[in-house]
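For reference, the structure discussed in these notes is given below.
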Amino acid sequence: SIGDLAFSGCISLTSIVIPDSVTSIGDYAFSDCISLTSIVIHEGVTSIGDSAFSNCFSLKQITIPNSVTSIGDRAFSNCDSLSEITIPNSVTSIGNKAFYDCESLSPIIFDEDSQLISIGSYAFCDCTSLSNITIPNSVTSIGDGMFFRCYSLKSVTIPDSVTSIGESVFAECETLNNITIPNSVISIGNKAFTQCDSLTSITIPNSVTSIGDEIFAYCRSLKEINIFNGVTSIGEDAFNSCTCLTSFTIP
Numbered sequence: 001s002i003g004d005l006a007f008s009g010c011i012s013l014t015s016i017v018i019p020d021s022v023t024s025i026g027d028y029a030f031s032d033c034i035s036l037t038s039i040v041i042h043e044g045v046t047s048i049g050d051s052a053f054s055n056c057f058s059l060k061q062i063t064i065p066n067s068v069t070s071i072g073d074r075a076f077s078n079c080d081s082l083s084e085i086t087i088p089n090s091v092t093s094i095g096n097k098a099f100y101d102c103e104s105l106s107p108i109i110f111d112e113d114s115q116l117i118s119i120g121s122y123a124f125c126d127c128t129s130l131s132n133i134t135i136p137n138s139v140t141s142i143g144d145g146m147f148f149r150c151y152s153l154k155s156v157t158i159p160d161s162v163t164s165i166g167e168s169v170f171a172e173c174e175t176l177n178n179i180t181i182p183n184s185v186i187s188i189g190n191k192a193f194t195q196c197d198s199l200t201s202i203t204i205p206n207s208v209t210s211i212g213d214e215i216f217a218y219c220r221s222l223k224e225i226n227i228f229n230g231v232t233s234i235g236e237d238a239f240n241s242c243t244c245l246t247s248f249t250i251p
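For the sequence shown, position 248 matches number 248 in the numbering used here, and the numbering has no gaps at all.
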């Protein structure tokens, strides 16, 4: 194993190859290695610790092997130069803010037959280059703020396995114009789509029972909303300042 803080702050380190004899990468193991550009992790590592590679501003490329099952909180946060990541199908959990503020990251690829169940809150927040994403059909919930302020995000595919969408998940996704909420979704959190300025229409399926506070507030291009008869309550300021809204269907 590589221990906590083992190479933290090694500002001249430019590349790493982690051999297959290593099974875990500790918390903050390579954090603040500001010159690090490339990481190769060989099969054998099963866990990447909290903030393991946080603030590696120059990191452009990393290979995560199929042996990894968990990616810790803030593991790659503030990796400004990271442009692409593939999550292998062995990963079952991604921690809170795992890829927070990876401003160059696009695309995020999930391997086929993904076993991913849990994605933490704000996991991809401030990934400002991310333009589209397909969430694997093993995921059951979308955590709070997962795509908050992903300004370039245009299209999201949500699978039928998802039952809940958290608070502020797509808030301030200014270019989001294509999203379908599947019939499996039961709850949508407050401010989930607030300030999605490019969203023009939305359908709330039968499965949803309540619409939270400010859920579509300031969606200034939203023209059409269809709500099916499962909804029993609409929260405060739910459609506040939807200035283009011309069609609203309530059962």
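Cβ atoms here follow ideal geometry from the backbone N, Cα and C, with glycine treated the same way.
So if DSSP puts F239 in a beta bridge, which residue, or which two residues, is it bridged to? According to DSSP, F239 bridges with nothing at all.
How would you label E167, buried or exposed, when you count the other beta carbons within 10 angstroms and need 16 or more for buried? buried
DSSP-derived helix/strand/coil call for N178: strand
If you draw a straight line from the C-alpha of S31 to the C-alpha of F110, how long is it? 24 angstroms
Is the beta carbon of S161 within less than 6 angstroms of some heavy atom of the ligand NAD? For the structure depicted, the ligand NAD is absent and the ligand set is empty, with no information on it obtainable.
By the 10 Å Cβ neighbour count, where 16 or more other Cβ atoms means buried, how is G120 classified, buried or exposed? buried
Quick one: residues in its chain with C-beta nearer than 8 angstroms to the C-beta of I117, no 5 flanking neighbours on either side, listed in chain order? T92, S93, S138, V139 and T140
Since F248 sits in a beta bridge, which residues does DSSP pair it with? I225
Pull up the distance between the alpha-carbon of C244 and that of T209, whole angstroms please. 25 angstroms
Whole angstroms are fine: how far does the CA of P88 sit from the CA of A192? 28 angstroms
Excluding sequence positions up to five away, which residues of its chain have a Cβ less than 7 angstroms from the Cβ of C10? C33
Which residues bound the beta strand (DSSP E) around V156? S155 to T157
Distance, Cα to Cα, T163 vs F170? 16 angstroms
Could you please give the first and the last residue of the uninterrupted beta strand (DSSP E) stretch that includes I133? N132 to T134
Between the Cα of N229 and those of K223, G235 and P205, spot the shortest distance and give me the residue it belongs to. P205
Identified DSSP bridge partners for F53: Note: F53 sits in no beta bridge, so no partner.
Cβ neighbour criterion (16 or more within 10 Å) applied to N96: buried
By the 10 Å Cβ neighbour count, where 16 or more other Cβ atoms means buried, how is D101 classified, buried or exposed? buried
Use the C-beta contact count for P19: other C-beta atoms within 10 angstroms, 16 or more gives buried, fewer gives exposed. exposed
So for S118, helix, strand or coil by DSSP? strand
Apart from the five residues just before and just after R149, which ones in its own chain have a Cβ nearer than 8 angstroms to its Cβ? C125, D126, T128, A171, E172 and C173
From E103, I25 and A29, pick the residue whose C-alpha is nearest to that of A6; which is it? A29
Report the CB separation of P136 from D160 in whole angstroms; it is logged as a contact under 8 angstroms. Between D160 and P136 the Cβ distance is about 12 angstroms, and since that is not below 8 angstroms, they are no contact.
In terms of residue numbering, what span does the beta strand (DSSP E) encompassing I204 cover? S201 to I204
For the beta strand (DSSP E) that F99 lies in, which residues bound it at each end? Segment: none, F99 is in no beta strand (DSSP E) and carries neither H nor E.
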